[in-house]
Amino acid sequence: MLRWVSRRMRRPGWDVDLERPEGDLPAHIGIIMDGNGRWAKQRGLPRSAGHHAGMLTMREVIRACDDIGIQCLTLFAFSTENWKRPEPEVEYLMRLPEEFFRTEIDELAERGVQARFIGNTERLPEHTQEVVRQTLERTKHNRGMVVNFALNYGGRSDVVDAVKAFAGEVAAGRATWEEMTEDSIEAHLSTRGLPDPDLIIRTSGEIRLSNFLIWQAAYAELWFTDVLWPDFTRETLYQAIRDYQRRKRRFGGLK
Ligand code: FPP
Numbered sequence: 006m007l008r009w010v011s012r013r014m015r016r017p018g019w020d021v022d023l024e025r026p027e028g029d030l031p032a033h034i035g036i037i038m039d040g041n042g043r044w045a046k047q048r049g050l051p052r053s054a055g056h057h058a059g060m061l062t063m064r065e066v067i068r069a070c071d072d073i074g075i076q077c078l079t080l081f082a083f084s085t086e087n088w089k090r091p092e093p094e095v096e097y098l099m100r101l102p103e104e105f106f107r108t109e110i111d112e113l114a115e116r117g118v119q120a121r122f123i124g125n126t127e128r129l130p131e132h133t134q135e136v137v138r139q140t141l142e143r144t145k146h147n148r149g150m151v152v153n154f155a156l157n158y159g160g161r162s163d164v165v166d167a168v169k170a171f172a173g174e175v176a177a178g179r180a181t182w183e184e185m186t187e188d189s190i191e192a193h194l195s196t197r198g199l200p201d202p203d204l205i206i207r208t209s210g211e212i213r214l215s216n217f218l219i220w221q222a223a224y225a226e227l228w229f230t231d232v233l234w235p236d237f238t239r240e241t242l243y244q245a246i247r248d249y250q251r252r253k254r255r256f257g258g259l260k
């Protein structure tokens, strides 16, 4: 049933021949993939069907970003607040990485995608952690697009962990408090070494960041759409990028 639903919903909208956005591409795109539950409800399906369909959209977005040369993609898959959901839904979401990486790992590896996980993965169920470890191991030497899967991620914890790590260095005598700067905090964030997100997309009509990359998003262009995540298409992605390209980014200056 799920396979049938997913095949049917995937066909439209992911046409590789669609004219690509050229020119100044965002180096790093972050996506808050929202609206899976409503998508399922509209169809009289269980919420898990929405998450499954959302996973298939996620696959297409990774492919599309890689096809057009995006350097880095961060996908908000599970927030530190999502544990409040009913247990069966949490369990289902924790099983999705197994299915996803089992079927996608070869293609990700072929594309040279380097998978990373941001968030507190140590608190994930052991079976999910096992997939995380295997995926990291399999893709660690890849030098293509970096895909951060945000799992049990919260932006505030990211900042707290970075400050703690820096404080640990001070305590160990490897750094001084005077050396605590924006750069030194950034060097301890989960996204260290990656460019800040240029563009953050959120689907399903919600207009907030919900604790996603809050430090890193300081100068990101935000793009919101009413489209529910499973209905997100290559065209929606390209639209977001084209709108981003029309924005004037001044970073506080006058240019
Ligand atoms: C938000 O929609 C979506 C999530 C909490 C889960 C997103 C997860 C995926 C798209 C797949 C992740 C897969 C892997 C392999 C990491 P919602 O449930 O809050 O939707 P609603 O607001 O309509 O209820």
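Under our numbering, the first residue of the sequence shown is numbered 6, with each subsequent residue one higher. Every residue gets a Cβ at the ideal spot worked out from N, C-alpha and C, and that includes glycine.
Closer than 7 angstroms: residue i CB and nearest ligand 1 heavy atom
{"i": "Phe-105", "result": "yes"}
{"i": "Gly-59", "result": "yes"}
{"i": "Gly-42", "result": "yes"}
{"i": "His-193", "result": "no"}
{"i": "Met-38", "result": "yes"}
{"i": "Met-63", "result": "yes"}
{"i": "Ala-82", "result": "yes"}
{"i": "Ser-209", "result": "yes"}
{"i": "Leu-78", "result": "no"}
{"i": "Leu-98", "result": "yes"}
{"i": "Pro-102", "result": "yes"}
{"i": "Asn-87", "result": "yes"}
{"i": "His-132", "result": "no"}
{"i": "His-56", "result": "yes"}
{"i": "Trp-277", "result": "The question about residue 277 has no answer here: the residues shown for the chain are numbered 6 through 260."}
Proximity of residue i and residue j at Cβ, strictly below 8 angstroms
{"i": "Ile-63", "j": "Thr-208", "result": "First, the amino acid is wrong: residue 63 is Met here, not Ile. No."}
{"i": "Asp-29", "j": "Gln-244", "result": "no"}
{"i": "Asn-153", "j": "Ala-114", "result": "no"}
{"i": "Arg-76", "j": "Met-150", "result": "Just to set this straight, residue 76 is Gln in the shown sequence, not Arg. Closer than 8 angstroms, so yes."}
{"i": "Pro-235", "j": "Gly-59", "result": "yes"}
{"i": "His-33", "j": "Asp-201", "result": "yes"}
{"i": "Val-164", "j": "Trp-220", "result": "yes"}
{"i": "Gly-159", "j": "Ser-53", "result": "no"}
{"i": "Phe-171", "j": "Ala-177", "result": "no"}
{"i": "Ile-212", "j": "Trp-228", "result": "no"}
{"i": "Leu-23", "j": "Glu-183", "result": "no"}
{"i": "Arg-143", "j": "Ile-110", "result": "yes"}
Whole-angstrom C-beta distance between residue j and residue i, which should lie under 8 angstroms
{"i": "Arg-254", "j": "Glu-226", "result": "7 angstroms"}
{"i": "Lys-145", "j": "Gln-119", "result": "7 angstroms"}
{"i": "Leu-129", "j": "Leu-156", "result": "6 angstroms"}
{"i": "Val-133", "j": "Phe-106", "result": "The amino acid occupying residue 133 in the given sequence is Thr; Val does not appear at that position. So it is not a contact: roughly 10 angstroms between Cβ atoms."}
Option in the options with minimal Cα separation from residue i
{"i": "Gly-74", "options": "Leu-80, Arg-116 and Glu-109", "result": "Arg-116"}
{"i": "Phe-256", "options": "Asp-203, Thr-79, Leu-78 and Glu-112", "result": "Asp-203"}
{"i": "Ile-67", "options": "Thr-79, His-57 and His-56", "result": "Thr-79"}
{"i": "Pro-31", "options": "Cys-70, Trp-19, Gly-18 and Leu-23", "result": "Cys-70"}
{"i": "Gly-173", "options": "Arg-48, Leu-214 and His-193", "result": "His-193"}
{"i": "Ser-215", "options": "Ser-162, Asp-248 and Pro-93", "result": "Ser-162"}
{"i": "Val-21", "options": "Arg-247, Gly-258 and Leu-242", "result": "Leu-242"}
{"i": "Ala-82", "options": "Pro-93, Thr-126, Glu-112 and Glu-92", "result": "Thr-126"}
Close beta carbons around residue i, own chain, < 7 angstroms, minus the five adjacent residues each side
{"i": "Leu-233", "result": "Gly-40, Arg-43, Trp-44, Thr-208 and Ser-209"}
{"i": "Ser-11", "result": "With a pLDDT of only 47 at Ser-11, under the threshold of 50, the placement of this residue in the model should not be trusted, and no figure is reported."}
{"i": "Gly-55", "result": "Asn-41, Gly-42, Trp-44, Ala-45 and Pro-235"}
{"i": "Val-136", "result": "Pro-102, Glu-103 and Phe-106"}
{"i": "Gly-49", "result": "none"}
{"i": "Leu-199", "result": "His-33, Cys-77 and Val-151"}
{"i": "Pro-51", "result": "Ala-45"}
{"i": "Leu-7", "result": "Summary for Leu-7: the model assigns pLDDT 48, below 50, so the residue's position carries little reliability; its value from the coordinates is reported in the next sentence. Ala-54 and His-57."}
Beta-carbon contacts of residue i that lie in its chain and below 6 angstroms, excluding the five residues immediately before and after
{"i": "Arg-25", "result": "Ile-73"}
{"i": "Phe-237", "result": "Thr-62 and Thr-208"}
{"i": "Glu-65", "result": "Trp-19"}
{"i": "Arg-15", "result": "Note that Arg-15 scores 48 on pLDDT, short of 50, meaning its location in the model is unreliable and no value can be drawn from it."}
{"i": "Gly-35", "result": "Thr-79, Pro-202, Ile-205 and Leu-218"}
{"i": "Phe-122", "result": "Val-137, Phe-154 and Leu-156"}
{"i": "Gly-124", "result": "Ala-155, Leu-156, Asn-157 and Tyr-158"}
{"i": "Ile-246", "result": "Pro-26"}
Ligand 2 heavy atom lying under 7 angstroms from the CB of residue i
{"i": "Leu-156", "result": "Of the ligands one can find in the structure shown, namely ligand 1, none is ligand 2."}
Other residues of its chain near residue i: CB distance less than 8 angstroms, five sequence neighbours each side excluded
{"i": "Val-95", "result": "Asn-87 and Trp-88"}
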